[in-house]
């Protein structure tokens, strides 16, 4: 929500993608978040992902609710349509938009307050519908704009800057999504772009509900000693469990993968993702096993990251409803009406 | 007093016993005999076991409101015998199931009690508990047919239409009709003085409820996305939309649908979905009732400020809070007119009957897209769920929808740069683009402060420029919304002004007052903001009786707020007990107010 437009400076040597656009073309206005905010790193990961995926900016819609995270859609893709809605209601706006126009790519940006407190209802119901979207939670455990109250993702024992440690059970977005049947679930860290960019690419291309819970430290209100969402804490306790590579359509899988650890998955647009299991015990295709693993590690204080669950087979919202392939918003109104003279026949039934 | 083709039948039953189809059969039979009818349901907020009533007013004159008489009470529910007996108009009749005789029903000497042993007769003739209950309902239709001299051939034909090939059902239902009919004929002097005589006053008329008509309007308007959360009394609107769509919106070759009905998790989500879909350019709507509007208000404010079309049907019920969910009222006028925090105001459309629900539904999408703002259609339970006889509504196959100012890809090609909130035409309505259409069309939709270019702002004058333009748009809306219905009786200075479902009772009251040599003029507002016609009407009268169905005179308040109507000449006649308005209330109230004014 910056009102400082970023000057467009031409750098002739910047690399271009297939559309002839540079990464700069995918930027937005200057961020007004605090210096060092995790959210800005996520913004730049999004920019890299869409640049590398050759996405036409106007074919992507970015939607958000309210909060620091929800401000970020103005900081990337200034040539895309954006919708900064009301607090906790990004999922419903995205649901309606997608229902009307299934051809666009939908990226929803939310936060832990926006999705796990005020918007918890909409978050879980969008999952139930397997809405085809990329849903990012920029998770810092606090309310920044109102100066540091705990959010529902705060861990037990996590200390605020002032006052008493949190004693309430946190809501974990990943296990919630797992239990509700989201079809692509990942967790990452704003400070780990190498892991994050492929995860975002996969989430954007996945057909169905893709959730990324991204730990994104709040430098102003939750980056101190005793906080479990600080940079230091996250770096100390986070573990890659499943990493992934993104392979564009028509490209071969070339990298050498250790036997037994690689798991290639074909996405609907013909591209592939290859899961690299860091922990060979982990099974990202089983909800039950993923859930068990997640609980055990989380009880041990670990933050496990990577693409934790994926299921490319489940139909998304439109297919569940049996809708036509053409976006509903593109159908001519004439074609939607009963045939000429039909009203008279309908009314006969009411005599 | 009841007379031929002027009789009110009320049937008291227990809900969940299948009486609705029997009552429908009775109402249709009278209608098919060419005699106008009004059907009103008085039902509990409950699934099974509580008292429910259905009232059929037979009215040769074709009045649309309910009457405050009950000429023939069919008391089929022992729980309510006392209340039902008390309600019968002097000189009327009460039919009850005399399988178990009740001496207390004979207390009133001014009415005639007709005992018919329905249960006994049905037990003797039918097997199975459920069948016996259902047939008892049909049997009372038979008894009424005898008492009112209904045409049995018409009833047979209706049963044949209902059951089609299932001939055994036609036969068993006709047997039940016969049981009631024969018993009445053999034991009572049939027909009664108040009977039904075939006439030709239902030509080109249909009987429909407003929710069905509104749903049909949505189909004809080309709505594709309907999002909702179930709530009485609006639920049947989406149910009807679904059944019309199942018929007209499924591709015959691929079997795929050209509509999306989304049952949302709550009303907050339902309206969010409508806005998302409208943003993308689909015609989208949500049906709801008062509590739903309360939940939607934050998003309604966003739609107003960010200028996103939305169609909201509010089928009003009795508030406040949960109130009486199965009773009617017009008590959401103010909360809808100014829904949401901050300076907001919204277009309201007020259909008066199902025929207008159909046309208003189509119109609401045109206005929402033309004005890029939420449009609320304020119906109510009386219109939405009751059976109204209305003229067959017409549809012009040449209808061209108004999609408003939407720039096409070609338009954008010609443009240097697109800005979302510029008032290029001076009417307060900016141009919009649809996402995905063209690279130049992109803009950022936000509920936060924005300037005329669409950019974020915290600058006071930039902010004010936009909200001032919204006022200009409001004035444009004033010229586009439907004009009121105005009737002049003769040159005088007093008038009745009403809204929505107040129409039927008020028009009947005008006739009755005219018969007492009191000629009043009439204005029924059809929309908010009020146009020049309403303003002129209010100005030219000295006394205006404002008839509305709420406690707090909300319509009167709105007249004062929007067109600065002088409160000294607005006399409120308020009817808000949850029952539909009847002419008697209006007549009595007008006479009382006139007497008061004379005495003063």
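Protein chains in written order, with our numbering: chain A, 139 to 489; chain B, 18 to 617. For each residue, glycine too, the CB sits at the ideal point set by N, CA and C. Here the structure is a predicted model, which is why all the values come from computation and not from measurement.
- Length of the line joining the Cα atoms of residue 188(B) and residue 483(A): 28 angstroms
- Task: May I ask you to report which of helix, strand or coil DSSP gives residue 218(A)?
- Result: coil
- Taking 8 angstroms as the CB-CB cut-off, is residue 476(A) touching chain B? yes
- Message: So that I know if they touch, is there some Cβ in chain B lying closer than 8 angstroms to that of residue 488(A)?
- Response: yes
- Task: Output, in chain order, the set of chain A residues within a Cβ distance shorter than 7 angstroms of residue 242(B).
- Result: 234, 237, 238 and 466
- Query: To the nearest angstrom, how far is it from the Cα of residue 140(B) to the Cα of residue 120(B)?
  - Reply: 23 angstroms
- Query: Along chain A, which residues have their Cβ under 7 angstroms away from the Cβ of residue 494(B)?
  - Reply: Going along chain A, no residue has its Cβ under 7 angstroms from residue 494(B), so there is no contact; the nearest lies around 22 angstroms.
- Message: Can you give me the C-alpha to C-alpha distance between residue 176(A) and residue 434(A), rounded to a whole angstrom?
- Response: 27 angstroms
- Message: So, for residue 353(A): in the same chain, excluding its five sequence neighbours on each side, which residues have a beta-carbon less than 7 angstroms away from its beta-carbon?
- Response: 277, 327, 328, 367, 372 and 441
- Query: Would DSSP call residue 412(B) helix, strand or coil?
  - Reply: coil
- Item | residue 417(A) versus 401(A), 206(A), 410(A) and 194(A), residue with shortest Cα-Cα distance | 401(A)
- Rounded C-alpha distance that separates residue 302(A) from residue 253(A): 24 angstroms
- Give the single residue among 207(A), 425(A), 388(A) and 289(A) whose Cα lies nearest to the Cα of residue 409(A). 388(A)
- Task: Pull up the DSSP beta-bridge partners for residue 110(B), would you.
- Result: 89(B) and 129(B)
- Is there at least one Cβ from chain A nearer than 8 angstroms to residue 414(B)'s Cβ? yes
- Can you round the beta-carbon distance between residue 60(B) and residue 94(B) to whole angstroms, since I take them to be within the 8 angstroms contact cut? About 12 angstroms; that fails the 8 angstroms criterion.
- Exposed or buried, residue 295(A), counting other C-beta atoms within 10 Å across all chains shown (16 or more means buried)? exposed
- So, helix, strand or coil for residue 246(B), using DSSP? coil
- Message: Does any residue of chain B have a CB that is nearer than 8 angstroms to the CB of residue 218(A)?
- Response: yes
- Residues bridged to residue 304(B) [DSSP beta-bridge criterion]: 330(B)
- Message: In this structure, how does DSSP classify residue 265(B) when only helix, strand and coil are distinguished?
- Response: helix
- Comparing the C-beta of residue 227(B) with each C-beta of chain A, is any distance below 8 angstroms? no
- chain B residues whose Cβ lies nearer than 7 angstroms to that of residue 199(A): 452
- Query: Which one of 172(B), 383(B) and 275(B) has the shortest CA to CA distance from residue 328(B)?
  - Reply: 383(B)
- Query: In chain A, which residues lie with their C-beta within 7 angstroms of the C-beta of residue 275(B)?
  - Reply: 462, 466, 469 and 474
- Check the C-beta distance from residue 445(A) over to residue 340(A) and give it rounded, since I have them as a contact under 8 angstroms. 7 angstroms
- Put residue 139(A) into one of helix, strand or coil per three-state DSSP. Only weak support exists for where residue 139(A) lies, its pLDDT of 44 falling under 50; the coordinates are left without a value.
- Query: How would you call residue 139(A), buried or exposed, if buried means at least 16 neighbouring beta carbons within 10 angstroms?
  - Reply: For residue 139(A), the pLDDT reaches just 44, beneath the cut-off of 50, and the residue's location in the model is therefore unreliable, although a value from the coordinates is still provided. Buried.
- 3 or more residues per run - each beta strand (DSSP E) lying fully within the region 357-418 of chain B: 364-366, 391-397 and 405-408
- Query: Are residue 173(B) and residue 191(B) closer than 8 angstroms when you measure CB to CB?
  - Reply: yes
- Query: Would residue 477(A) be called buried (16 or more neighbouring beta carbons within 10 Å of its own) or exposed?
  - Reply: exposed
- Query: Is there a Cβ from chain B that is less than 8 angstroms from the Cβ of residue 156(A)?
  - Reply: no
- With a cut-off of 8 angstroms, does the C-beta of residue 144(A) fall near any C-beta of chain B? no
- Item | the region 235-255 of chain B in contact with the region 291-302 of chain B per 3-pair CB rule at 8 angstroms | yes
- Message: On the criterion of 16 or more Cβ atoms from any shown chain inside 10 Å, does residue 216(B) qualify as buried, or is it exposed?
- Response: exposed
- Members of the region 292-324 of chain B near chain A, C-beta cut-off 7 angstroms: 292, 293, 294, 296, 297, 298, 299, 301, 315, 316 and 319
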